[in-house]
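A.B. asks: Start counting the sequence shown at 285; every next residue gets the next number (my numbering).
Don't be surprised by glycine CBs; every beta carbon is placed ideally from N, CA and C.
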Amino acid sequence: MKKLIILNLVFIFINTLYALPAKEASPSTKSESEKKVSFRKGVVKIKGKKLLVEIAETDKQRAYGLMNRTNLEKNSGMLFIFPNEEIRFFWMKNTFVDLSIAYINKNKKIIDIQDMMAATSALDENLPAYPSKDKAMYALEVNKDWFKKNNIKVGNSLQEIKFLK
Numbered sequence: 285m286k287k288l289i290i291l292n293l294v295f296i297f298i299n300t301l302y303a304l305p306a307k308e309a310s311p312s313t314k315s316e317s318e319k320k321v322s323f324r325k326g327v328v329k330i331k332g333k334k335l336l337v338e339i340a341e342t343d344k345q346r347a348y349g350l351m352n353r354t355n356l357e358k359n360s361g362m363l364f365i366f367p368n369e370e371i372r373f374f375w376m377k378n379t380f381v382d383l384s385i386a387y388i389n390k391n392k393k394i395i396d397i398q399d400m401m402a403a404t405s406a407l408d409e410n411l412p413a414y415p416s417k418d419k420a421m422y423a424l425e426v427n428k429d430w431f432k433k434n435n436i437k438v439g440n441s442l443q444e445i446k447f448l449k
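(1) Going by alpha carbons, who is nearest to Leu350 out of Ala403, Ile395, Asn391, Tyr387?
(2) Can you tell me which residues form a DSSP beta bridge with Phe447?
(3) Would you give the residue range spanned by the alpha helix (DSSP H) that Phe431 belongs to?
(4) Any idea which residues DSSP pairs Asn355 with across the strands?
(5) Only counting runs of 4 or more residues, tell me where the alpha helix (DSSP H) segments fall wholly within the segment 377–425, in order along the chain.
(6) How about Asp396 and Lys428: are their beta carbons less than 7 Å apart?
(7) Restricting to Cα atoms, I'd like to know which of Phe380, Leu407, Lys344 is closest to Val426.
(8) Helix, strand or coil for Lys320, going by three-state DSSP, please let me know.
(9) Thinking C-beta only, is Ala423 closer than 7 Å to Arg372?
(10) Between the C-alpha atoms of Glu308 and Leu407, what's the straight-line distance to the nearest angstrom?
(11) Would you list the one or two residues that DSSP bridges to Ile371?
(12) Nearest to Gly439 by CA position, among Lys390, Lys331, Ile394, is which residue?
(13) Tell me Phe364's beta-bridge partners as DSSP assigns them.
This is how it looks when you write it as structure tokens:
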């Protein structure tokens, strides 16, 4: 009988631990993780419009992207450069600003533009995926509607990708 009571208490204790809500990362933890991922800067030019971009070219940089951002400067964004051309999927995990994304093929031609809605919390795991409509080698994330406001459409091309030192 004593063993049964002890087993029940252990069972209740373990289940209580699983039922406790997980703590979100503290701001200091978030800033520490942000410091671990740094990006080169660059300039992208489309239809004469220039954007100051952060360049995500490694797996770690591409996975981190614009996570933990609550805003994005005007005429800025992030350029994702992939080693090959294939169907790409993006989502907005821990990204708290609405964005527009342009998928761009190996010839630097825009093949798809989509709007992406910001995550509502760091715990939000039920986020939609935003797949490219065709194979892409680049993706360019900017503030939502930047492409519309600048009359940039599918079929336009990147005129320039310039890396800054």
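C.D. replies: Judging by the given coordinates:
(1) For Leu350, the closest C-alpha among the options Ala403, Ile395, Asn391, Tyr387 is that of Ala403.
(2) For Phe447, the beta-bridge partners assigned by DSSP are Gly326.
(3) For Phe431, the enclosing alpha helix (DSSP H) starts and ends at 430–433.
(4) Bridge partners of Asn355: none, in fact.
(5) The alpha helix (DSSP H) runs lying completely inside the segment 377–425 and spanning 4 residues or more number zero.
(6) By the CB criterion at 7 Å, Asp396 and Lys428 fall outside the cutoff.
(7) Of the listed residues, the one whose Cα sits closest to Val426 is Phe380.
(8) In the structure shown, Lys320 sits in a helix (DSSP, three-state: H, G or I).
(9) The answer is yes: Cβ separation under 7 Å.
(10) Summary for Glu308: the model assigns pLDDT 36, below 50, so the residue's position carries little reliability, and this model does not support an answer.
(11) According to DSSP, Ile371 shares a beta bridge with no other residue.
(12) Looking at Lys390, Lys331, Ile394, the one whose alpha-carbon comes closest to that of Gly439 is Ile394.
(13) In the DSSP output, where bridge partners are listed per residue, Phe364 has Ala340, Ala423.
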